[in-house]
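Position 136 (the sequence shown) corresponds to 117 in our numbering; numbering is contiguous.
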Amino acid sequence: MDLAVKIEPKMKNLIDIKSLTTSEISAIAERALEIKNGAKPLSLEGKQAVMMFFENSTRTKFSFEMALNRLGATVYNFETSKSSISKGEDFFDTLNNLAAIGFDACIIRTSQEGLVKDTLEKQLMGRKFFKDIAIINAGEGQKSHPTQALLDFVTLREIFGNIDGLNLTIIGDIRHSRVAKSNIELLSRFNVNIKCAAPSYFRDESIENVQWVDNLADGLENADVAMVLRIQKERIQEKIEFEDYIKNYQLTDENLPTDCILMHPGPVNRDVEANSALLNSKKGETILKQANNGVYTRMAVLEMILGENSDKN
Ligand code: CP
């Protein structure tokens, strides 16, 4: 068996889906599935990564930690309330000090849109990092969540093989969802037909490459995949009519077509966006497949960013 690991092309950071080439996206997905199917991962022994999570997380945080551990890297947690950010230290200065201390990568989750990109752009304005430090976006505001879109792509490739022409419907709070936006950016580049089914208060018609529908029945017509979203309460200022939403948009064991796959990025709010009978059925298992693929996808991303181009494994 040829165990040569070819990490090509090599990325420096992971900012958003837009900054990835189509071949980088495909390479990450192929590598994630190779590792899942038993290929030996690269060793990242000696690499030091710091997790800076300014927003809560279960799946992204622990799957990054799991991925780093499986690759042999060392993981540290940045505790904001115990850090000098709480004394007013600037984010770029904080990161630069972490680079000076010796970190190779910083994995960031933040509610502050543009923070990741702005930090990197500061380098162009002459504020150099002490040493190279890779910056990985683990979810940014309501704008982008690139590793979630990549793991969803891996899951679709695993289930369907070829996703060209697939019909995928995103249902629910699309306006406030970074998952929806990153998925639309990624999947529209692979010729997936994307419908968005949402009430007016969850729409964002500035999003390109999708067809909007205002009811669940039209959304589910011919759908191969229903990707349902949580209502992002933490990002909503206005009053939401939950009962109206549940009545008109909740996915159930009765309204989801038999051949349609159910996906959800998590966390799920049971009996809001999907009912428990559906979540507890065989259909609910794909959601855990997504969480499981998150580890392999993040291993592939970390290999690509922190690994050496080599065939030594
Ligand atoms: N899908 C996702 O980002 O989940 P967490 O918020 O738990 O990381």
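Ideal Cβ positions, reconstructed from N, Cα and C, are used throughout, including at glycine.
Look at the segment 25 to 69 and you find these whole runs of alpha helix (DSSP H), each 4 residues long or longer: 40 to 51. Excluding residues up to 5 positions away in sequence, Met32 lie with their Cβ nearer than 7 Å to the Cβ of Asn58 in the same chain.
With respect to Ala207, Leu260 sits apart: the two C-beta atoms are not nearer than 8 Å.
When secondary structure is reduced to three states using DSSP, Leu283 falls in the helix class. Here the alpha carbons of Gly265 and Gly95 stand approximately 34 Å from one another. Judged by DSSP in its simplified three-state form, Leu149 adopts strand. Note on geometry: alpha-carbon atoms of Ser181 and Glu222 lie some 12 Å from one another. Fewer than three beta-carbon pairs drawn from the segment 97 to 104 and the segment 135 to 155 are found closer than 8 Å, and the two stretches are therefore not classed as touching. Under DSSP, Ser125 takes part in a beta bridge, and its partners are Glu121. Taking Met47 as reference, the option from Asn77, Ile217, Asp234 and Met280 with the minimal CA-CA separation is Met280. With contacts defined by Cβ atoms closer than 8 Å, Asn174 and Leu131 do not form a contacting pair.
About 28 Å separates the Cβ atoms of Gln218 and Asn256, ruling out a contact at the 8 Å cut-off. The DSSP-derived three-state label of Arg184 is coil. Here the alpha carbon of Ile117 sits roughly 31 Å from the alpha carbon of Trp193. Of the other Cβ atoms in all chains shown, fewer than 16 fall within 10 Å of the Cβ of Asn196; this residue is therefore exposed.
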